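Novice: The sequence shown maps to residues 4 to 222 in our numbering. Note that the Cβ used here is the ideal one computed from N, Cα and C, for glycine as well. Because the structure is a prediction, the values reported are computed rather than measured.
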Amino acid sequence: MPKLMTMNQSRIKLITFDAFNTLFKPKGGMSQLYVQEAAKMGIKVSLEDINRNFSLMYKHQVEHYPFYGRAQGMTSKTWWENLVYTTFIGAGAPKSDLDSVFTDLFETLYHRFTNAQGYDIFVDVVPNLKALHQHGFRMGVVSNSDERIVEVLQNLQLAKYLDFIMSSVDAGCEKPATEFFNTARAMAGPSISAKQILHVGDDEEIQLNLSVYDYPQEH
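1. Considering just the uninterrupted stretch of the beta strand (DSSP E) at M142, what are its terminal residues?
2. Would you tell me roughly how many angstroms separate the C-alpha atoms of M33 and Q64, rounded to the nearest one?
3. According to the Cβ coordinates, are G93 and N56 closer than 8 Å?
4. Excluding sequence positions up to five away, which residues of its chain have a Cβ less than 6 Å from the Cβ of R151?
5. With distance defined between alpha-carbon atoms, name the residue in V129, H138 and Y88 nearest to Y61.
6. Between K43 and R141, which are expected to be in contact by the criterion C-beta below 8 Å, what is the C-beta distance as a whole number of angstroms?
7. Less than 8 Å separating the beta-carbons of R115 and L36?
8. Is the region 127-138 close to the region 149-169, with three or more CB pairs under 8 Å?
9. Check each candidate in I18, T19, R14 and Y71 and name the one with the smallest Cα separation from V172.
10. Closer than 6 Å by C-beta to N54: which residues in its own chain qualify, once you throw out the five before and the five after it? Chain order, please.
11. If you reduce the DSSP assignment to three classes, tell me which class D173 lands in.
12. Distance, Cα to Cα, A119 vs S196?
13. Which same chain residues end up closer than 8 Å to E110 when comparing Cβ atoms and leaving out the 5 residues on each side of it in sequence?
14. Can you give me the C-alpha to C-alpha distance between W82 and I200, rounded to a whole angstrom?
15. Please report the straight-line C-alpha distance between V226 and R188, rounded to a whole angstrom.
16. What first and last residue would you give for the alpha helix (DSSP H) that runs through Y68?
17. Tell me which same chain residues have a C-beta within less than 8 Å of the C-beta of V38, skipping the five on either side of it?
18. What is the DSSP secondary structure of M8, reduced to helix, strand or coil?
19. Using DSSP with H/G/I as helix, E/B as strand and the rest coil, what is D123?
20. Since S170 and F23 should fall inside the 8 Å C-beta cutoff, what is the C-beta to C-beta distance between them, to a whole number of angstroms?
21. Applying the criterion that 16 or more other CB atoms from any shown protein chain within 10 Å of the CB defines a buried residue, is L101 buried or exposed?
22. Looking only at DSSP bridge pairs, what is H202 linked to?
Structure (structure tokens):
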């Protein structure tokens, strides 16, 4: 996470953060965990096949069921269940073998990535969040994720530093859409202007656009 304490505090009032790969990352790698947990249940797939097929299936899910299938009446859990299943099938897992253990396999993976044990917090995150909190900055997390991000941040003991947490499934849009940042700005309250907000994350497209919060019209 970037060093932030040199900011002009008289101007910046709110800092928003990406979550994944900014505050924390999957412990040991997500695909590796898929392979390991499947092997415990007798399903043999390669790391390379899981990597490749997860990327393909994720793209398919996002294109056909955006925002975790909200418009199609899906829950985010069902959305992930479909993604994980098609990933394993695409990676070569025999359907009959997978079907016999999939419920247990999916529940293990789903809850692993909700609990603190599934992630590593970057070493500079807690000291920075504590310092920013002590200096009076308001902070929020804005994430292209499902609603579990709230529980993840609580389990990682990071939510206590934050004023709000917003997921794309709750916003109904995602970064870098203008509407996403408009919604986050609205959550910050009317007393904070666009020019008083700084966004920190790992997405180069967003980071290069230093005025992501300047979209709303000032009146």
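Specialist: The relevant details are as follows:
1. Element bounds for M142: R141 to S146.
2. Taking the straight line from one Cα to the other gives about 18 Å.
3. Yes, the Cβ-Cβ distance between G93 and N56 is below 8 Å.
4. Closer than 6 Å at Cβ, skipping near neighbours: T117.
5. Comparing Cα positions, the closest option is Y88.
6. Between the beta-carbon of K43 and that of R141 there is about 44 Å, and that puts the pair past the 8 Å contact cut.
7. Yes, the pair counts as a contact, with Cβ atoms nearer than the cut-off.
8. Under the three-pair Cβ rule at 8 Å, the region 127-138 counts as touching the region 149-169.
9. Checked all of I18, T19, R14 and Y71; the closest Cα to V172 is Y71.
10. Same-chain partners within the cutoff: S34.
11. D173: helix per DSSP, three-state reduction.
12. Distance from the CA of A119 to the CA of S196, rounded to the nearest whole angstrom, comes to 34 Å.
13. Only residues of its own chain outside the window of five on either side were considered, and among them none has a CB closer than 8 Å to the CB of E110.
14. One C-alpha to the other measures close to 33 Å.
15. In this structure the chain extends from 4 to 222, so residue 226 is not present and cannot be described.
16. DSSP places Y68 outside any alpha helix (DSSP H), giving it a letter other than H or E.
17. For V38, where only same-chain residues beyond five positions count, the Cβ hits under 8 Å are V48, S49, L50 and I53.
18. Because the pLDDT at M8 is just 44, under 50, the model does not fix this residue reliably, and the point stays unresolved.
19. Note: D123 maps to strand in three-state DSSP.
20. At roughly 12 Å, the Cβ-Cβ gap does not stay under 8 Å, so S170 and F23 are not in contact.
21. By the beta-carbon neighbour count (other beta carbons within 10 angstroms, threshold 16), L101 is buried.
22. DSSP, once it has assigned bridges, lists T19 as partnering H202.
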